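*Asks:* The structure that follows is given in the form of structure tokens.
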Amino acid sequence: EPEVTQTPSHQVTQMGQEVILRCVPISNHLYFYWYRQILGQKVEFLVSFYNNEISEKSEIFDDQFSVERPDGSNFTLKIRSTKLEDSAMYFCASSGTRAADEQFFGPGTRLTVL
Amino acid sequence: QQPVQSPQAVILREGEDAVINCSSSKALYSVHWYRQKHGEAPVFLMILLKGGEQKGHDKISASFNEKKQQSSLYLTASQLSYSGTYFCGTVNSGNTPLVFGKGTRLSVIA
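So the sequences go chain by chain: A and B. Going by the working numbering, the first residue of the first sequence is number 4, and it counts up by one from there. Going by the working numbering, the first residue of the second sequence is number 2, and it counts up by one from there.
In structure tokens:
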């Protein structure tokens, strides 16, 4: 069964460093998403991406964040200068042909900023 | 606009039933239900679309009341494997993002 994959599973970085989180969405999906979940809290929407551009973003997704689909399979989230409060689980998700279709989540990347 | 879930937490004995509610202050296009076990990604349970029917599989079903802008998730004859945090996510129109509620922590004990 096709699934969303994410790498790395755990990333530890120093405050101020740049990190890139990688995702491979399900191959025939058209919509891609990044979510963040701080330990013990709800899943928070960061950004959605469709047709090679951002379609929606939340107020969390400030200038420190960017997304890219550098090739036909990868979808990346870059945090330019990490802060302590960026420590969280980051989930990538993808959905099929409509934005309102069910979303399938990857296993997540746990980001720890020291 | 974040949906409101209730209750925040519930403890059940195996075999008991539970209802988890999700409500929105804005008109809903669809409601999505996910279950997340500790340390894992959310897993899709079902989606209810505006104008659609009640959905369900096995002993988990859900309803969607468009007029009241509410959805309810019904878990019957609960099993230990049902334990986890249940999130509802709401979509207000066809292309707006999914917004999750704060979750309902369900614990099923033997």
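Note that the Cβ used here is the ideal one computed from N, Cα and C, for glycine as well. Quantities reported herein were computed from a predicted structural model and do not represent experimental measurements.
Is there a C-beta anywhere in chain A that falls below 7 Å from the one on B:Pro4?
*Replies:* Closer than 7 Å: no.
*Asks:* Measure the beta-carbon distance from B:Gln3 to B:Gly102 and round it to whole angstroms, keeping in mind my assumption that it falls under 8 Å.
*Replies:* Between B:Gly102 and B:Gln3 the Cβ distance is about 6 Å, and since that is below 8 Å, they are a contact.
*Asks:* Over what stretch of residues does the beta strand (DSSP E) that includes A:Phe35 continue unbroken?
*Replies:* Tyr34 to Gln40
*Asks:* Using 7 Å as the limit for Cβ to Cβ distance, is B:Pro8 near chain A?
*Replies:* no
*Asks:* Does the segment 48–61 of chain A come close enough to the segment 11–18 of chain A to have 3 or more Cβ pairs within less than 8 Å?
*Replies:* no
*Asks:* So which of A:Leu33, A:Arg39 and A:Asn31 has the shortest CA-CA distance to A:Pro110?
*Replies:* A:Arg39
*Asks:* Taking beta-carbon pairs under 7 Å, can you tell me which members of the segment 49–80 of chain B lie near chain A?
*Replies:* none
*Asks:* Select from the segment 27–59 of chain A all residues with a C-beta closer than 9 Å to any C-beta belonging to chain B, and list them in chain order.
*Replies:* Tyr36, Tyr38, Gln40, Gln44, Lys45, Val46, Glu47, Phe48, Val50, Ser51, Tyr53, Ser58 and Glu59
*Asks:* Could you check what DSSP says for B:Tyr30 in three-state terms: helix, strand or coil?
*Replies:* Note: B:Tyr30 maps to coil in three-state DSSP.
*Asks:* With a CB to CB cut of under 6 Å and the five nearest residues on each side skipped, what residues in its chain are close to B:Val5?
*Replies:* Ser24
*Asks:* Helix, strand or coil: how does DSSP classify B:Ser62 here?
*Replies:* strand
*Asks:* Which term fits B:Leu76, buried or exposed, when burial requires 16 or more other beta carbons within 10 angstroms of its beta carbon?
*Replies:* buried
*Asks:* By how many angstroms is the C-alpha of B:Pro8 removed from the C-alpha of A:Leu24?
*Replies:* 34 Å
*Asks:* Is the CB of A:Gly99 under 7 Å away from at least one CB in chain B?
*Replies:* For A:Gly99, the answer is no, since every Cβ of chain B falls outside 7 Å of its Cβ.
*Asks:* Pairs of beta-carbons, one from the segment 13–24 of chain B and one from the segment 61–77 of chain A, closer than 8 Å: are there three or more?
*Replies:* no
*Asks:* Looking at A:Leu87: is its Cβ nearer than 7 Å to the Cβ of A:Val116?
*Replies:* Yes, they are a contact pair.
*Asks:* Could you give the distance in angstroms between the alpha-carbon of B:Lys69 and the alpha-carbon of A:Ser84?
*Replies:* 44 Å
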